[in-house]
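Notes for the one structure printed next.
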Amino acid sequence: MEKFQFKAESQRLLDLMINSIYTHREIFLREIISNASDAIDKLAYTALTDEKVGLNRDDFAITITRDKEKGILTVSDNGIGMNRAEMEENLGTIAKSGSLGFKQTMQKQEDIDIIGQFGVGFYSAFMVASSVTVISKKYGSEKAWKWISDGADGYTIEETERATPGTDVIMTLKADTEEDKFSEFLEEYEIRNLIRKYSDYIRYPIRMEVEKSRKKEDSDDYEQYTEMETLNSMVPIWHRAKKDVTAEEYETFYREKFFDYNKPLRTIHSSAEGSVSFKALLYVPGKAPMDYYSRDFKRGLQLYSAGVMIMDNCEDLLPEYFGFVRGIVDSQDLSLNISREMLQHNRQLTIIARNIEKKIKSELKAMLDHDRENYEKFYAAFGRQLKYGTVSEYGAHKDSTKDLLLFYSAKQGKLISLKEYVESMAEGQEKIYYVTGENTDRLRKLPQVETLVNRGYDVLLCTEDVDEFIPQTLVSFMEKNFCNAASEDLGLQTEEEKKQLEEKSEEKKGFLTFVKETLGEKVKEVRLSDSLGSHPVCLTPEAGMSFEMEKYMKRMNPEFAFPIGRILELNTDHAAVKAMERAMTEDPIKAKDYAQLLMYQAQLMAELPLEDPVAYTDLVCKLMQ
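Mind the numbering: the sequence shown is residues 9 to 633 in this note's numbering, read in order.
Here's what the structure looks like:
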């Protein structure tokens, strides 16, 4: 037996790696299994040209053995193995990767996929093990070698026995403490969970002897027995051709992988070749998770590199407005950092993310155009996210989302897209009309909406806070400008009609002044309108703001909220307004009461709170007596 010391820089790296590089101790099993897979890859590649190997693809496997009494976990493979020189080079010098060197010697690198590239994954075992023994026999060699280390005082190498080529990594786990239960890594359920999470798609079977029970013959009693079981599925569903995967298989994979009992509304299975090649299997969920609109929700896709899970929630793969998508991305072209937990740089990730964004938008648009029922189910769950995506970052992403938005149509009584609105616009209509408020029933009854619908024009009835900002962000759609019907000029009057209204306003100047003086600071202006239909009065905000914006600001930041100037518009053709005008000369006190009453009514129609509801009810009772 010969004893060796780690090089000083290797010892420092070992200490750093065990305590800093890896963020989760459970990663060690992923790394050891990945190394075993690499070793099998090398021998499988050799077998293509060397008949003496005597193994075919079905013969290769990774085996996990547990000894709970001694606290030992062993991972074995029947791969290429190591001789003494390779053992010293690969295990005695940290960050010396045999996998990387092997890959670099291959003339056709694209024909072989080697997971390990950095040569440090093996040392992650020391996060959970007090000592590690490696027994390995190189293919074509008569001798086997044993490497032993506790990670601190160097390592020893001696000759040993092993019947066949391959490697055993034997880890003696650390003793449990109050904070760390290392013995959990010997439990069947924990090993199953870790393999399912990180190594489910290693291309070779990962086997372990598990305990089972069966009913005894001619008895109601059960007996225990053990059986070797394959723990991983090996071939990822996203590596299979779409034509070979059934809808039931896609659905089952989604339910099991993402723990969702609901059927997904859309499955997106795609692959891309180019500067960065990848495969993706994405799902549009049927319902939003309970925590979706909370800070606790974790968006992002699972990221795999050559079938090994690297990140559970890679946010960089999805724009926030498509954060509802669940799924997996697998690429062999990623440049990973030393722990394989993060990317060294994001150029490849940016290319993948851009492709995924385009694919998701294309699929959602196809669902909108050809599967409207399911799209509206999707929109009920995630439409608000698309709206937030439209207005976020000052509209930087509006071109990705605007075609996917839906709004309630006052004319058609259903959700429609902006494209559908424009295509169904009445002859002569030049604006996209909308109003914002609490619910569609109230908005439909607004005077301005009634006037527009009576003319054959449609109005979008918007009931979410974010709706207020969308027209301001988009400004126009298909060269049609947005117009807030409750606060902006509807553009319905001809020049002649405008002139007639001006003349009528001049004629009624005394009446308008009387109403303004009666209401005082409650209104900024009183004016006539010929766009109120059957209604006597309405309130409109002064230019630049809306009442819904005022409410929103008051909810979000009450200290800095301020009331928007109110403009009272009167319909002098309405009987109630005529009665007020007559009372101005016959009974001025009653005329003032009428003005106050109409102001209250205008506030209610605009869904604005009454400052003094008691005063309103007292006034109604007074006028009824």
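C-beta: ideal position from N, C-alpha, C; glycine also.
Would the beta-carbon of residue i fall within 7 Å of that of residue j?
| i | j | result |
| --- | --- | --- |
| Ala-389 | Ala-296 | yes |
| Leu-239 | Ile-210 | no |
| Val-461 | Lys-419 | yes |
| Lys-182 | Ser-138 | yes |
| Ile-364 | Val-284 | no |
| Met-135 | Arg-274 | no |
| Gly-331 | Leu-289 | no |
| Ala-610 | Val-523 | no |
| Thr-588 | Tyr-608 | It is Met, not Thr, that sits at residue 588 in the sequence shown. Going by C-beta atoms, Met-588 is not nearer than 7 Å to Tyr-608. |
| Tyr-312 | Arg-38 | no |
| Pro-272 | Tyr-301 | no |
| Glu-195 | Val-218 | no |
| Phe-36 | Ala-133 | yes |
On a CA-only basis, which of the options is nearest residue i? Give me that one, please.
| i | options | result |
| --- | --- | --- |
| Gly-573 | Glu-550, Val-140, Val-545 and Ala-584 | Glu-550 |
| Glu-198 | Gly-541, Ser-157, Glu-34 and Phe-555 | Glu-34 |
| Leu-576 | Thr-548, Leu-498 and Glu-195 | Thr-548 |
| Thr-4 | Met-592, Met-553 and Asp-299 | In the structure displayed, the chain extends from 9 to 633; residue 4 sits before or after that span and is not available. |
| Asp-620 | Lys-439, Gln-604 and Met-613 | Gln-604 |
| Gln-310 | Pro-272, Leu-357, Ala-280 and Lys-271 | Leu-357 |
| Ser-539 | Ala-133, Lys-271, Leu-509 and Tyr-291 | Leu-509 |
| Glu-235 | Gly-282, Met-216 and Arg-452 | Met-216 |
| Ala-69 | Lys-76, Arg-590, Arg-355 and Ile-48 | Ile-48 |
| Gln-480 | Arg-74, Val-430, Gly-403 and Arg-450 | Gly-403 |
| Leu-498 | Ser-513, Ser-537 and Glu-476 | Ser-537 |
| Gly-324 | Arg-303, Tyr-624 and Arg-362 | It is Asp, not Gly, that sits at residue 324 in the sequence shown. Here the closest residue by C-alpha is Arg-362. |
Could you name the residues of the same chain whose beta carbon sits closer than 8 Å to that of residue i, not counting the 5 residues immediately before and after it, in chain order?
| i | result |
| --- | --- |
| Tyr-329 | Gln-393, Leu-394, Tyr-396, Gly-397, Thr-398, Ser-400, His-405, Ser-408 and Thr-409 |
| Val-483 | Asn-489 and Phe-490 |
| Glu-384 | Leu-414 and Leu-423 |
| Asp-628 | The amino acid occupying residue 628 in the given sequence is Val; Asp does not appear at that position. Hits under 8 Å: Leu-605. |
Distance, Cα to Cα, residue i vs residue j?
| i | j | result |
| --- | --- | --- |
| Asn-579 | Met-557 | 26 Å |
| Tyr-212 | Val-142 | 21 Å |
| Asp-341 | Lys-287 | 11 Å |
| Phe-555 | Arg-535 | 18 Å |
| Thr-172 | Ala-93 | 18 Å |
| Ser-241 | Arg-204 | 8 Å |
| Lys-50 | Arg-170 | 19 Å |
| Glu-264 | Ile-72 | 24 Å |
| His-378 | His-277 | 18 Å |
| Lys-427 | Met-486 | 8 Å |
| Ala-583 | Lys-516 | 16 Å |
| Asp-229 | Arg-74 | 27 Å |
| Lys-220 | Glu-231 | 8 Å |
| Glu-259 | Phe-266 | 11 Å |
| Ile-123 | Ile-40 | For Ile-123, the predicted model reports a pLDDT of 40, less than 50, meaning its position is unreliable; a value from the coordinates is still stated below. About 11 Å. |
| Lys-154 | Glu-96 | 11 Å |
| Gly-421 | Tyr-429 | 12 Å |
| Asn-98 | Asp-252 | 41 Å |
| Lys-562 | Phe-570 | 8 Å |
| Asp-67 | Glu-59 | 14 Å |
Within a Cβ cutoff of 6 Å, which residues of the same chain sit near residue i, ignoring the five residues on either side of it in sequence?
| i | result |
| --- | --- |
| Gly-464 | Ala-434 |
| Ile-321 | Note that residue 321 corresponds to Asn in the displayed sequence, not to Ile. Here the set comprises Lys-306 and Gly-308. |
| Tyr-560 | Asp-473 |
| Lys-116 | With a pLDDT of 47 at Lys-116, under the threshold of 50, the predicted position of this residue should be treated as unreliable, though the coordinate-derived value follows. Cβ within range, chain order: n/a, list empty. |
| Ser-417 | Ile-424 and Asp-466 |
| Thr-164 | Met-9, Lys-11 and Ile-156 |
| Met-90 | Ser-144 and Lys-146 |
| Lys-250 | His-277 |
| Pro-455 | Leu-540, Gly-541, His-543 and Cys-546 |
Only counting the same chain, and skipping five residues up and downstream in sequence, which positions put a Cβ closer than 7 Å to that of residue i?
| i | result |
| --- | --- |
| Thr-254 | none |
| Lys-373 | Asp-411 and Leu-412 |
| Asp-268 | Tyr-262 and Pro-293 |
| Leu-631 | Asp-601 and Leu-605 |
| Pro-244 | Tyr-209, Gly-315 and Asp-338 |
| Lys-184 | The amino acid at residue 184 is misidentified as Lys; the sequence shows Asp. Closer than 7 Å at Cβ, skipping near neighbours: Phe-190 and Ser-191. |
| Lys-223 | Tyr-230 |
| Gly-87 | Ala-44, Ala-47, Ile-48, Lys-50, Leu-51, Gly-174 and Thr-175 |
| Phe-477 | Val-399 |
With a threshold of 6 Å (Cβ to nearest heavy atom), would residue i be considered close to the ligand ATP?
| i | result |
| --- | --- |
| Gln-340 | This structure lacks the ligand ATP; in fact it carries no ligand of any kind. |
Taking contact to mean at least 3 C-beta pairs separated by less than 8 Å, is the segment 456 to 475 in contact with the segment 435 to 446? yes
Legend entry - Segment contact flag, the segment 171 to 188 with the segment 74 to 87, C-beta cutoff 8 Å, min 3 pairs: yes
Quick check: the segment 141 to 159 against the segment 189 to 203, are there 3 or more CB pairs under 8 Å? no
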